[in-house]
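> Pasting a structure below so you can have a look.
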Amino acid sequence: MPAPGKHRRPKSVSLGRGIAAVTTGGAVLALPVLGATTASAAPAPAVAEKAVAPVSVTAQANSVTKAAPTKHSVVSGESLSKIARDYSVSGGWKKLYEGNRKVVGENPNLIHPGITLTVGGKAAAPSDAKAGKAGKSAPTADRAASAERADRSARAAAPAAKSAPAAAPTAYTNDLDGWIKESLAVMAQHGIPGTYEGIHRNIIRESSGNPNAINNWDSNAAKGTPSKGLLQVIDPTFRAYHVPGTSTDSYDPVANIVAACNYAADRYGSIDNVFGAY
18 MPAPGKHRRP KSVSLGRGIA AVTTGGAVLA LPVLGATTAS AAPAPAVAEK
68 AVAPVSVTAQ ANSVTKAAPT KHSVVSGESL SKIARDYSVS GGWKKLYEGN
118 RKVVGENPNL IHPGITLTVG GKAAAPSDAK AGKAGKSAPT ADRAASAERA
168 DRSARAAAPA AKSAPAAAPT AYTNDLDGWI KESLAVMAQH GIPGTYEGIH
218 RNIIRESSGN PNAINNWDSN AAKGTPSKGL LQVIDPTFRA YHVPGTSTDS
268 YDPVANIVAA CNYAADRYGS IDNVFGAY
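Counting in our numbering, the sequence shown runs from 18 upward without gaps.
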């Protein structure tokens, strides 16, 4: 017997699926019996995540765009050394000159105000060979060639445009003011630095404005090469720095001024930097 105050807990009987025979009034009924246990749905297969390929360090590095080279417009009094220092060019003025030789010319000591230097790259335009590396397909190249031929044909067929009438030459007065102004125009064409004030100041000191002035007493005269003209230039210097298109006579006011300013630009950066014998 069970102990007083306690009750038996009925046992749960797990029934499997089967056939139970039940009698009712002598008739036997076959009934399906459901088991107590139920089947749970199988979990859906996990969706595999697509693996993301890691980006290599090299690819990341190659995706960084290089900074464009810096353009620098030369002003009066500058030199390649100064510009290289200002931009901290690796390799100094020689590296800067190497990349801008076509712009500067054969003399790295003579750079003219107004020219544009490329700092951090070469000033030369890219060659056709470099452009070819872009990898044009043959059909694209053929189409480009056909378009170019068609464009040439169109230009050849088009009537030539009438050229504008040439501007009348500027008239300069035949005096010190006119000589300086004409010289400045020639200097601008050849990239030679200098201002009206700098030229006028040096002319007054050297010759008092007399284009026929000559110095027959100093050391140059003793050597047989007296200083001549408005800016007192000796013949060897005049010939070395003579500017094409001007007179070959060292007494000619404009030729004398332009040659002297060309020499001063080469040695001092500009005639504006000259304040005494030069």
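Ideal Cβ placement from N, Cα and C applies to all residues, glycine included.
For F255, count neighbouring C-beta atoms within 10 Å of its own C-beta (all shown protein chains included) and say buried if the count is 16 or more, exposed if not.
Its Cβ being crowded by 16 or more others within 10 Å, F255 is buried.
> Which residue wins for smallest C-alpha separation from I197, given the options Y295, H129, A272?
Comparing Cα-Cα distances from I197 to each of Y295, H129, A272, the minimum goes to A272.
> Note down the Cα distance separating V203 from G211, rounded to an integer number of angstroms.
Between V203 and G211, the C-alpha separation is close to 11 Å.
> With a CB to CB cut of under 6 Å and the five nearest residues on each side skipped, what residues in its chain are close to N233?
For N233, where only same-chain residues beyond five positions count, the Cβ hits under 6 Å are P243.
> Secondary structure at L46, three-state DSSP: helix, strand or coil?
Any answer about L46 is weak, because its pLDDT of 43 lies below 50 and its placement is not dependable; what the coordinates show is given next. Three-state result, L46: strand.
> Can you check whether the CB of R284 is closer than 9 Å to the CB of Y295?
Their beta carbons are under 9 Å apart, which means Y295 touches R284 by this criterion.
> Does the Cβ of Y213 have 16 or more other Cβ atoms within 10 Å, making it buried, or fewer, making it exposed?
Result: exposed.
> Can you give me the C-alpha to C-alpha distance between Y114 and P125, rounded to a whole angstrom?
Their Cα atoms are separated by approximately 7 Å.
> Which residues in the same chain have their Cβ closer than 6 Å to the Cβ of L201, if we skip the five residues on either side of it in sequence?
Excluding sequence neighbours, L201 sits near nothing in its chain.
> By Cβ distance below 7 Å, which residues in the same chain neighbour D304 in space, the five residues on each side in sequence not counted?
For the chain, the structure presents residues 18 to 295; residue 304 sits outside this window and is missing.
> Bridge partners for K245 per DSSP, in chain order?
Looking at the DSSP assignment, K245 forms a beta bridge with I231, V250.
> Please report the straight-line C-alpha distance between S98 and G137, rounded to a whole angstrom.
Those two C-alpha atoms are separated by around 15 Å.
> Could you check the C-alpha separation between A281 and V120 for me, to the nearest Å?
Spanning the two alpha carbons is a distance of roughly 20 Å.
> By DSSP, does E123 sit in helix, in strand, or in coil?
In the structure shown, E123 sits in coil (DSSP, three-state: anything other than H, G, I, E or B).
> Quick one, which of Q249, G286, A205 has its alpha-carbon nearest R300's?
Since the first and last residues shown for the chain are 18 and 295, residue 300 lies out of range.
> Per DSSP, what are the beta-bridge partners of S90 in this structure?
Answer is T133.
> Would you mind stating whether P228 and P270 have Cβ atoms separated by less than 9 Å?
The answer is yes: Cβ separation under 9 Å.
> What would DSSP say about I209, mapped onto helix, strand or coil?
The answer is coil: DSSP assigns I209 none of H, G, I, E or B.
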